[in-house]
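No gaps in the numbering here: position 251 of the sequence shown is 251 in UniProt numbering, and each next residue is one more.
Below is one structure, written out as structure tokens, with a few remarks after it.
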Amino acid sequence: MAAPKGPTSRRVHLGKVLTRMREDLGMRREDVASALGFSPEKLWRVEKGRTSLPNPGDLKNLLAHYGVEDLEVVESLLVIHRESLQEGWWVPYSAHLPKGMREYVGMEADAESIAAWQPSLVFGLLQTERYARELLLSAKGVDETTTEFIDANVEVRMARKALITKEDPRELWVIMGEGAVRSTIGSREVMAEQYEEIKRLAALDTVTVQILPAASTGYRVSQNFALLDMGEPLGKIVQADQPGGQASITDKKPDVGKYSRRFDALRAAALAPNETPSFIDEVHRDMERKLAS
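In structure tokens:
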């Protein structure tokens with residue numbers, strides 16, 4: 001039985017397997033939970049991949065309740081369970097991550113490829129440390145965050161960039177609205193550095209960056225989102241930001257299909273990838289002219 005690589009995606013995979021077993025038997029979650037001494041909420045969280053069963057005995061009892069007697073299947077699921085209990089590198093920062101981001105960071109770490117749309121800000125994996133810090137500092141008073149929160153989130157964001165720069169990098173395709181690169185975050189020096197970073201990363205073989213000009217009459221959507229291809233057996237999932245800074249994650253086929261179509265439409269409306277460096281340079285020159293006048 002194939003299994004994903006990291007603890008978060010292993011937990012999600014195990015939850016899907018257990019859900020399918022229960023549904024194939026026509027059992028209600030409430031009845032299963034009652035029979036095993038679980039709360040329905042606990043079993044729901046396990047099936048959704050939000051948490052793991054606390055010990056292997058709980059999983060063995062659940063599998064026995066479902067009539068699973070194949071020792072090879074039981075052992076493979078116990079291995080996935082054991083590995084799902086491992087801590088990801090981001091766990092020490094969990095207290096400072098917005099709701100939904102802990103799960104997303106875990107899934108992102110296992111993704112084979114990432115496709116994202118960001119209309120108003122530089123996409124997170126493309127940000128410099130100074131840009132990320134200035135962006136969080138600008139919201140500190142409004143969101144009532146702490147210096148510790150800002151430091152932790154900047155560290156996490158910079159660590160996540162290793163996904164596209166280390167050996168065996170993930171494939172990344174980002175489309176950003178023109179406003180994402182025209183908005184001044186921090187200072188002209190911060191933006192100049194950020195422009196160079198976008199061009200540097202866009203030159204990598206595994207990274208593609210497109211810009212959707214404000215003058216384009218093509219398709220656009222205000223909500224930013226990311227499509228993660230998790231490979232088999234999980235397939236694709238979509239993360240979309242919600243009001244209040246929270247992030248929702250789903251693998252429901254209608255949602256994945258909808259956001260996939262949106263991404264394809266945005267990609268068709270945006271400038272070709274080879275036009276990105278010259279467009280960034282033009283934006284940089286415009287910024288310098290305005291500041292000099």
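In this text, a Cβ means the ideal position worked out from N, Cα and C, and glycines have one as well.
Cross-strand partners of residue i (DSSP beta bridge)
| i | result |
| --- | --- |
| Thr-208 | Trp-173 |
| Val-154 | The partner list for Val-154 (beta bridge, DSSP) is empty, contrary to what the question assumes. |
| Phe-225 | Trp-117 and Ala-240 |
| Thr-250 | Val-238 |
Spatial distance of residue i from residue j (CA atoms)
| i | j | result |
| --- | --- | --- |
| Ala-2 | Ala-152 | Interpretation of Ala-2 is limited by its pLDDT of 45, a score under 50 that renders its predicted location unreliable; the figure taken from the coordinates is listed afterwards. One C-alpha to the other measures close to 34 Å. |
| Asn-224 | Arg-267 | 14 Å |
| Leu-126 | Asn-55 | 39 Å |
| Asp-96 | Leu-137 | Checking the sequence, you will find His at residue 96 rather than Asp. Each residue's alpha carbon lies about 15 Å from the other. |
| Glu-171 | Leu-36 | 43 Å |
| Glu-155 | Ser-39 | 37 Å |
| Ala-226 | Gly-26 | 34 Å |
| Thr-146 | Ala-139 | 10 Å |
| Arg-11 | Arg-289 | 52 Å |
| Pro-169 | Val-238 | 20 Å |
| Ser-248 | Lys-60 | 31 Å |
| Arg-22 | Ser-34 | 14 Å |
| Tyr-259 | Ala-265 | 10 Å |
| residue 323 | Thr-217 | This structure cannot speak to residue 323, because the chain is shown only from 1 to 293. |
| Glu-197 | Gly-67 | 55 Å |
| Leu-135 | Arg-29 | 44 Å |
| Glu-275 | Asp-205 | 16 Å |
| Val-142 | Asp-286 | 30 Å |
| Glu-144 | Ile-150 | 11 Å |
| Pro-98 | Lys-42 | 22 Å |
Buried or exposed (CB count within 10 angstroms, at least 16 for buried), residue i
| i | result |
| --- | --- |
| Ser-9 | buried |
| Gln-86 | exposed |
| Ala-215 | exposed |
| Gly-233 | The amino acid at residue 233 is misidentified as Gly; the sequence shows Pro. Pro-233 is exposed by the Cβ-count criterion. |
| Asp-110 | buried |
| Leu-77 | buried |
| Glu-47 | buried |
| Ser-120 | exposed |
| Ala-64 | exposed |
| Arg-262 | buried |
| Ala-115 | buried |
| Ala-270 | buried |
Proximity below 9 Å, CB of residue i to CB of residue j
| i | j | result |
| --- | --- | --- |
| Trp-44 | Ser-113 | no |
| Val-207 | Thr-128 | no |
| Gln-118 | Gly-186 | no |
| Lys-236 | Val-221 | no |
| Pro-277 | Lys-199 | yes |
| Leu-163 | Ile-80 | no |
| Thr-165 | Leu-201 | yes |
| Arg-133 | Glu-193 | no |
| Val-209 | Ile-175 | yes |
| Val-32 | Leu-71 | no |
| Ala-49 | Lys-16 | In the sequence under discussion, the amino acid at residue 49 is Gly, which differs from the Ala named in the question. Cβ atoms of Gly-49 and Lys-16: closer than 9 Å. |
| Ser-94 | Ser-52 | no |
Integer-rounded CB distance, given that residue j should sit under 8 Å from residue i
| i | j | result |
| --- | --- | --- |
| Arg-182 | Leu-291 | Incorrect: roughly 13 Å between the Cβ atoms, too far for contact. |
| Tyr-195 | His-284 | 5 Å |
| Gly-106 | Pro-7 | 7 Å |
| Leu-228 | Glu-108 | 6 Å |
| Trp-90 | Arg-82 | Trp-90 to Arg-82, Cβ: 20 Å. No contact. |
| Gly-179 | Arg-157 | With 8 Å as the limit, Gly-179 and Arg-157 do not qualify as a contact, their Cβ atoms being about 20 Å apart. |
Closer than 9 Å to chain C by CB, residue i
| i | result |
| --- | --- |
| Val-79 | This model lacks chain C altogether; it includes just one protein chain. |
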